[in-house]
Structures are given as structure tokens and as C-alpha cells.
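Colleague: Dropping the structure in here first, questions after.
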Amino acid sequence: MDREAGSRLQLPEDGYEWKKYGQKFIKNIDKFRSYFKCQKAGCKAKKQAEWSETEPGDLRVVYEGVHNHGSSSQDQSGSSQSGASSMSSNQYNLLNQVFGDNPHSDYRRSGD
DNA sequence: CGAGTTTGACCGGCGC
DNA sequence: GCGCCGGTCAAACTCG
């Protein structure tokens, strides 16, 4: 599938099963955005990958929602926390997860 | 053959 | 009311 240059990005393996269901170019950020959905049963978690067409090294992954099945060795205290009861704060931790250690990741610098 | 992936089009929401 | 943008789905194609 060498149709599009830049679509074949190597996303970091997080231990989940993702299915790409869309890709669009966001002008707001001037970058591409891929949409992934968790294929796990009952899992409504989603993942979004953003990267600049001119800067392949500027890959960032944004997790949306939370998995209710555990990834691989994700030890969750509550065995069956169907909803987000105890790990409420823990789920949003994913929203700030960023893969790829880019030296120029001044996208979301804390110290400004 | 199966699975996964890709592209285009459609829809909804918002702004002006 | 219209235009624009973002998000999702379906179909088609390719690879192993």
C-alpha cells in the first residue's frame, strides 16, 4: 500500500488492538490526524494519531476514553470496574499520554 | 481466503 | 442561511 506517502506511520505498540477507521488533514493544527478504534469487545476506547506531513518525527498519540478490559499486564485493583468509578482520574491519564520522544516536542511545554 | 488498511463521501455542529 | 470543519462509515484494494 504505497499509495500515500506519510500514511504508513509506525504507531507505538500500546498492547491494544486498534482499527484505523479514518484519516483527515486538520488545518487547525496543520497536521494529519488518524482515527483508531479499539476492537476489544465492549471497549469504547479510541485513539487519535497526529503528525505533521512535513515533520514525520512529530508523531503524537492521543487516547480518548478508557479501556474496560485491561491491556496486557495492566494490573487494575478493581477486577470488574465496568464503568469509570474508581479509576476516574486514572482514565484521563491516557488523554495526556504522548508517544514518541521528540526532541522538539514543544507542542505542550509545561514551563512557559 | 482473511484480515487489515485506504480513500471518498456524508453528516452534524458551529460561526458569521 | 450558508460555509467550513471535524468525525464517522462503507466500500474497495492489497498483503500474507
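Letter by letter, the first sequence follows residues 3 to 114 in our numbering.
Cβ atoms here follow ideal geometry from the backbone N, Cα and C, with glycine treated the same way.
1. In angstroms with no decimal places, state the Cα-to-Cα distance between residue 55 and residue 26.
2. Classify residue 46 as buried or exposed, calling it buried when 16 or more other Cβ atoms lie within 10 Å of its own Cβ.
3. If you reduce the DSSP assignment to three classes, tell me which class residue 15 lands in.
4. Within a Cβ cutoff of 6 Å, which residues of the same chain sit near residue 41, ignoring the five residues on either side of it in sequence?
5. Expressed to the nearest angstrom, what Euclidean distance is found between the alpha-carbon atoms of residue 36 and residue 57?
6. Using three-state DSSP, classify residue 29 as helix, strand or coil.
7. Please classify residue 43: is it buried, with 16 or more other beta-carbons within 10 angstroms of its beta-carbon, or exposed?
8. Since residue 34 and residue 49 are thought to touch, with beta carbons under 8 Å apart, how far apart are those beta carbons, to the nearest angstrom?
Modeller: Working from what's here:
1. Position 53 of the first sequence holds residue 55. Position 24 of the first sequence holds residue 26. Take the alpha-carbon of residue 55 and the one of residue 26: they are about 11 Å apart.
2. Indexing the first sequence from 1 puts residue 46 at position 44. By the neighbour-count rule (16 or more Cβ atoms within 10 Å), residue 46 is not buried but exposed.
3. Position 13 of the first sequence, counted from the first residue, corresponds to residue 15. Residue state, collapsed to three classes: coil.
4. On the first sequence, residue 41 is found 39 positions in, with the first residue counted as 1. The residues 19 and 21, in chain order, have a CB closer than 6 Å to that of residue 41 in the same chain once the five nearest residues on each side in sequence are set aside.
5. Stepping through the first sequence from its first residue, residue 36 is reached at position 34. Stepping through the first sequence from its first residue, residue 57 is reached at position 55. Whole-angstrom Cα-Cα distance: 15 Å.
6. For the purposes of this step, residue 29 is identified with residue 27 of the first sequence, where counting begins at 1. Here residue 29 sits in coil by DSSP.
7. Mapped onto the first sequence, residue 43 falls at position 41. Its Cβ having fewer than 16 others within 10 Å, residue 43 is exposed.
8. If you number the first sequence from 1, residue 34 lands on position 32. If you number the first sequence from 1, residue 49 lands on position 47. Contact between residue 34 and residue 49 is absent: CB atoms are separated by about 14 Å, not below the 8 Å threshold.
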